[in-house]
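Visitor:
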Amino acid sequence: MPINRRDFEKLLKSKFGFEKDEKRSDDHIWYTLQLDDLPVISTKVSHSENEIGKKLEGMIARQLRVRKPFFHGDVRVQERQRGL
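Going by the working numbering, the sequence shown wraps up at 825, each residue one higher than the last.
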């Protein structure tokens with residue numbers, strides 16, 4: 742089941758602690774995460790309102806080094822709360 746882009750952005754900020762990076766290019770919406778003693782982790786989200794499909798979701802989960810169920814779980818809870 743695809744993930745809504747806005748829900749994904751909320752997930753990045755609330756669950757993982759990413760912050761919007763205004764200094765990066767305008768081609769996408771960039772998010773960064775700075776953890777002690779580690780290089781900065783960056784990811785980007787399209788400006789498009791399209792949903793994020795399974796393939797891209799898997800790639801993002803791998804990039805964030807989390808298992809897909811962990812990554813997936815929070816979004817599904819939000820959808821149930823909204824009655825989707």
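The C-beta atom is built at its ideal place from N, Cα and C for all residues, glycine as well.
Report the three-state DSSP secondary structure of Arg803 (helix, strand or coil).
Guide: Helix.
Visitor: Does the Cβ-Cβ distance between Ser789 and Thr773 come in under 7 Å?
Guide: In this structure, Thr773 does not lie closer than 7 Å to Ser789 by Cβ.
Visitor: Spatial neighbours of Gly794 within its chain, please: C-beta separation below 6 Å, excluding the five flanking residues on both sides.
Guide: These residues qualify, in order along the chain: Pro743.
Visitor: Buried or exposed: where does Glu798 fall if 16 or more other Cβ atoms within 10 Å of its Cβ makes it buried?
Guide: Buried.
Visitor: State the CB to CB distance for the pair Ile770 and Lys761, rounded to an integer number of angstroms; the pair is presumed to be in contact (CB under 8 Å).
Guide: Yes, they are in contact, since the Cβ atoms of Ile770 and Lys761 sit about 7 Å apart, within 8 Å.
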